[in-house]
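Participant: Got a structure here, written out as structure tokens. Questions coming.
Protein chains: 2
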Amino acid sequence: MLPILPVSAPYHHGDLRAAALQIGMERIEDQDHPDLGLRALARDLGVSATALYRHFPNKDALLDALALEALGRLGANQARAAEAAGGGRNGFIEVGITYVTWAVENPSLFRLIYTRVGKVDFDCDPTEMGEAFMQLRGGIATTMPDNMSIEQRNVAALHAWSLVHGLAMLILDGQVEYDPDMVRNVVVMTDFRGS
Amino acid sequence: MLPILPVSAPYHHGDLRAAALQIGMERIEDQDHPDLGLRALARDLGVSATALYRHFPNKDALLDALALEALGRLGANQARAAEAAGGGRNGFIEVGITYVTWAVENPSLFRLIYTRVGKVDFDCDPTEMGEAFMQLRGGIATTMPDNMSIEQRNVAALHAWSLVHGLAMLILDGQVEYDPDMVRNVVVMTDFRGS
DNA sequence: CCGACAATGATAACAGTGTCAACATAAGAG
DNA sequence: CTCTTATGTTGACACTGTTATCATTGTCGG
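Chains Y and Z are the protein sequences, given in the same order.
Just so we're aligned: 117 in numbering that gives the first Met the number 0 is position 118 of the first sequence, and the numbers increase by one with no gaps anywhere.
Just so we're aligned: 77 in numbering that gives the first Met the number 0 is position 78 of the second sequence, and the numbers increase by one with no gaps anywhere.
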């Protein structure tokens, strides 16, 4: 007699790693502080804890992969916003607001990115990482005013990134309560002129 | 015969808690990512791990106390800078630079503050906490231009705080390499006018 | 088709962690 | 001096990341 259902669970999962990343992502999104346990994750996957070591050298590598995925989403979001908003001052403002908004809507992913980055050993491919961050900075930098020297544009981009990054962090840490109008006001206040 | 030396160590430490906070602080300052273990700390104190539970309800409370101490130092530093720099635009710039500089020089303490704050249960006295942060924001806000409405000043203070906070974070996370001139340029770029 | 081999999984164990219960010692009040 | 309170210790529990060893599956050459 043929088994009606696949006998409980097959010994091999098919594509762990993808599954681990997916529901690892979900698990992190559901919290507001990124906190992932290997064993808990394995339990959710219906798999043994040590099985994950066939796909990631250690827990840090897994978190790095998740951070990279999160960074990709953030970067894509920024690029989309930059394209939609067009150039000029208004575009810049919208892109900045988008950054803060994404952080507020995905607090745990946002935190994950910047907790993992800056670790002594960020284990993922530095090329991917560089690309992702280039895309992020690019989304911010594209809307810089044209009448600036390259140096000025760099400083301006860093200024803008610092501003929205700090604002997002302060909101996530509960130091200032989120309010879209407030965010807009703060970002709008940035007014570049060479001086 | 009288014991020449105090027989090894007395059963009671005299003032644990103070000692725990002190060398806990030292241990954190020596790293660049705040990572403290109860048992390691207790070992350094020459005391059993569970002894700490007579002075702190749990590890989080200990870290919160350390974060409060760190926040006090940062706030004092800001207040000192604000007083020394005087008011006006230049004063504001110097205070902002001071914030970033302190973060760069005390990366682990800076991180500790903002990792602990924003936790769901920050266990320390909210009054102290409020005071410390009021002092911090005060140091930033005192140098705001006078020709602004209160509302404008609030937005401006938040803008300034976000800027230096974000810049500090990005530097600590290795996204931009520290350079005093760069910091000055970025901070100087903030130029308040009603729009 | 079949056997060797690599890929992927499970089990058991180790060191380490925060935390609690029970017990031991010191200090202070009556 | 005794009783109480504050403080410190020992032992244990549940949990974690990690490793070594063994089991199962898929794959590829003959």
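A virtual CB, placed ideally from N, CA and C, is assigned to each residue, including glycine.
1. Check whether the Cβ atoms of Ala-78 of chain Y and Ile-112 of chain Y lie closer than 8 Å to each other.
2. Are the CB atoms of Val-116 of chain Y and Gly-173 of chain Z nearer to each other than 8 Å?
3. Quick check: what's the CA-CA separation for Leu-166 of chain Z versus His-12 of chain Z?
4. Can you tell me the Cβ-Cβ gap for Arg-88 of chain Y and Pro-144 of chain Y, rounded? I've got them flagged as a contact below 8 Å.
5. Establish whether the CB of Ala-131 of chain Y and some CB of chain Z are separated by less than 8 Å.
6. If you measure from the beta carbon of Leu-111 of chain Z to each beta carbon in chain Y, is any gap under 8 Å?
7. Give the residues from the segment 150 to 161 of chain Y that approach chain Z closer than 8 Å (Cβ to any Cβ), ordered along the chain.
8. Name the residues in the segment 172 to 187 of chain Y whose C-beta lies less than 9 Å from a C-beta of chain Z; which are they?
9. Determine, using beta-carbon pairs with one atom in the segment 173 to 187 of chain Z and one in the segment 151 to 166 of chain Y, whether at least three such pairs fall under 8 Å.
10. Between Z:Arg-26, Z:Glu-25, Z:Glu-28 and Z:Lys-58, which lies nearest to Leu-37 of chain Z when the distance is taken from Cα to Cα?
11. What would DSSP say about Leu-15 of chain Z, mapped onto helix, strand or coil?
12. Distance check for Ala-140 of chain Z and Ile-149 of chain Z, CA to CA, integer angstroms please.
13. Looking only at C-alpha atoms, which of Y:Leu-20, Y:Val-99, Y:Gly-74 and Y:Ile-170 sits nearest to Ala-60 of chain Y?
14. Looking at the structure shown, is Pro-32 of chain Z part of a helix, part of a strand, or coil, going by DSSP?
15. So which residues of chain Y does Val-195 of chain Z contact, with C-beta pairs closer than 8 Å?
16. Run the CB neighbour count on Lys-106 of chain Z, radius 10 Å, all protein chains shown included, and call it buried at 16 or more, exposed below.
17. Can you say whether Glu-82 of chain Z is buried or exposed, counting buried as having 16 or more other CB atoms within 10 angstroms of its CB?
18. What residues from chain Y crowd round His-12 of chain Z, counting only those whose CB sits closer than 9 Å?
19. Do we get a CB-CB distance below 8 Å when we pair Met-0 of chain Y with the residues of chain Z?
20. Between Met-168 of chain Y and chain Z, is any beta-carbon pair separated by less than 8 Å?
21. Within the same chain, show all residues whose beta-carbon is closer than 8 Å to that of Gly-23 of chain Z, passing over the 5 residues directly before and after it, in chain order.
22. Going along the chain, which residues of its own chain have a beta-carbon closer than 8 Å to the beta-carbon of Glu-176 of chain Y, five neighbours each way excluded?
23. Under three-state DSSP, which class holds Val-175 of chain Z?
24. By the 10 Å Cβ neighbour count, where 16 or more other Cβ atoms means buried, how is Ala-17 of chain Y classified, buried or exposed?
25. Counting only beta-carbon separations shorter than 8 Å, does His-54 of chain Y have a partner in chain Z?
26. Can you look up Glu-89 of chain Z in the DSSP assignment and give me helix, strand or coil?
27. At which residues does the alpha helix (DSSP H) containing Ser-107 of chain Y begin and terminate?
28. In this structure, does DSSP put Met-133 of chain Y in helix, strand or coil?
29. With a cut-off of 8 Å, does the C-beta of Val-103 of chain Y fall near any C-beta of chain Z?
30. Of all Cβ atoms in chain Y, is any one closer than 8 Å to the Cβ of Gly-165 of chain Z?
31. Just the C-alpha distance for Thr-97 of chain Z and Ala-80 of chain Z, rounded to the nearest angstrom, thanks.
32. Are Ile-27 of chain Y and Leu-135 of chain Y close, meaning C-beta to C-beta below 8 Å?
33. For Met-100 of chain Z and Gly-71 of chain Z, I'd like the C-alpha separation in whole angstroms.
Facilitator: Quick answer:
1. As a first step, residue 78 of chain Y must be located in the first sequence, where it is residue number 79. As a first step, residue 112 of chain Y must be located in the first sequence, where it is residue number 113. No, Cβ-Cβ distance for Ala-78 of chain Y and Ile-112 of chain Y is not below 8 Å.
2. What you label residue 116 of chain Y is simply residue 117 of the first sequence in a count that begins at 1. What you label residue 173 of chain Z is simply residue 174 of the second sequence in a count that begins at 1. Closer than 8 Å, so yes.
3. The sequence position of residue 166 of chain Z within the second sequence is 167, counting from 1. The sequence position of residue 12 of chain Z within the second sequence is 13, counting from 1. About 43 Å.
4. Indexing the first sequence from 1 puts residue 88 of chain Y at position 89. Indexing the first sequence from 1 puts residue 144 of chain Y at position 145. Between Pro-144 of chain Y and Arg-88 of chain Y the Cβ distance is about 7 Å, and since that is below 8 Å, they are a contact.
5. Residue numbering aside, residue 131 of chain Y sits at position 132 when the first sequence is read from its first letter. So, not an interface residue.
6. Working through the second sequence from its first residue, we reach residue 111 of chain Z at position 112. No, Leu-111 of chain Z lies away from the interface with chain Y (no Cβ there is under 8 Å from its Cβ).
7. Val-154, Ala-155, Leu-157, His-158, Trp-160 and Ser-161
8. Asp-172, Gly-173, Gln-174, Val-175, Met-181, Asn-184, Val-185, Val-186 and Val-187
9. yes
10. Taking the second sequence and counting its residues from 1, one reaches residue 37 of chain Z at position 38. Out of Z:Arg-26, Z:Glu-25, Z:Glu-28 and Z:Lys-58, Z:Lys-58 has the C-alpha closest to the C-alpha of Leu-37 of chain Z.
11. Locating residue 15 of chain Z in the second sequence gives position 16, counting from the first residue. Here Leu-15 of chain Z sits in coil by DSSP.
12. Working through the second sequence from its first residue, we reach residue 149 of chain Z at position 150. Working through the second sequence from its first residue, we reach residue 140 of chain Z at position 141. About 11 Å.
13. Counting from 1 along the first sequence, the entry for residue 60 of chain Y is found at position 61. Of the listed residues, the one whose Cα sits closest to Ala-60 of chain Y is Y:Leu-20.
14. Residue mapping note: residue 32 of chain Z aligns to position 33 of the second sequence, counting from 1. Checking the sequence shown, residue 32 of chain Z turns out to be His, not Pro. Of the three classes helix, strand and coil, the one that applies to His-32 of chain Z here is coil, per DSSP.
15. Only positions 0 to 194 of chain Z appear in this structure, which leaves residue 195 of chain Z out of reach.
16. Here residue 106 of chain Z corresponds to residue number 107 of the second sequence, with the count starting at 1. Per the sequence presented here, residue 106 of chain Z reads as Pro, with Lys not at that position. By the 10 Å Cβ count, Pro-106 of chain Z comes out buried.
17. Along the second sequence, read from residue 1 onward, the residue named residue 82 of chain Z stands at position 83. It counts as exposed.
18. Indexing the second sequence from 1 puts residue 12 of chain Z at position 13. In chain order: nothing, as chain Y lies at least about 33 Å away.
19. Taking the first sequence and counting its residues from 1, one reaches residue 0 of chain Y at position 1. Note that Met-0 of chain Y has pLDDT 42, beneath the 50 cutoff, so the model's placement of it is unreliable and the number below is only indicative. No, Met-0 of chain Y lies away from the interface with chain Z (no Cβ there is under 8 Å from its Cβ).
20. If you number the first sequence from 1, residue 168 of chain Y lands on position 169. Closer than 8 Å to some Cβ of chain Z, the Cβ of Met-168 of chain Y qualifies, so yes.
21. In the second sequence, residue 23 of chain Z corresponds to position 24, counting from 1. If we look at Gly-23 of chain Z and ignore the five residues flanking it on each side, its Cβ neighbours are Leu-35, Leu-40, Leu-61 and Leu-65.
22. On the first sequence, residue 176 of chain Y is found 177 positions in, with the first residue counted as 1. Answer for Glu-176 of chain Y: Ile-170, listed in chain order.
23. Working through the second sequence from its first residue, we reach residue 175 of chain Z at position 176. Looking at Val-175 of chain Z - three-state DSSP - the assignment turns out to be coil, as it is neither helix nor strand.
24. In the first sequence, counting from the first residue as 1, residue 17 of chain Y sits at position 18. The residue in question, Ala-17 of chain Y, is exposed, as its Cβ has fewer than 16 Cβ neighbours within 10 Å.
25. By 1-based counting over the first sequence, the position of residue 54 of chain Y is 55. Chain Z contact via Cβ: absent.
26. Sequence index remark: in the second sequence, residue 89 of chain Z carries index 90 (1-based). Position check: residue 89 of chain Z holds Asn in this sequence, whereas Glu was assumed. In this structure, Asn-89 of chain Z counts as helix in the three-state DSSP scheme.
27. Within the first sequence, residue 107 of chain Y is the residue found at index 108, counting from 1. Element bounds for Ser-107 of chain Y: 106 to 115.
28. Position 134 of the first sequence, counted from the first residue, corresponds to residue 133 of chain Y. Looking at Met-133 of chain Y - three-state DSSP - the assignment turns out to be helix.
29. For this step, residue 103 of chain Y is matched to residue 104 along the first sequence. Taking Cβ atoms only, chain Z never reaches closer than 8 Å to Val-103 of chain Y, which makes this a no.
30. For the purposes of this step, residue 165 of chain Z is identified with residue 166 of the second sequence, where counting begins at 1. Yes, contact with chain Y.
31. In the second sequence, the residue the question calls residue 97 of chain Z occupies position 98. In the second sequence, the residue the question calls residue 80 of chain Z occupies position 81. Their Cα atoms are separated by approximately 7 Å.
32. Taking the first sequence and counting its residues from 1, one reaches residue 27 of chain Y at position 28. Taking the first sequence and counting its residues from 1, one reaches residue 135 of chain Y at position 136. Against a cut-off of 8 Å, the Cβ pair of Leu-135 of chain Y and Ile-27 of chain Y comes out as no contact.
33. Residue mapping note: residue 100 of chain Z aligns to position 101 of the second sequence, counting from 1. Residue mapping note: residue 71 of chain Z aligns to position 72 of the second sequence, counting from 1. Sequence check: residue 100 of chain Z is Thr here, not Met. If I take the Cα positions, the gap works out to 16 Å.
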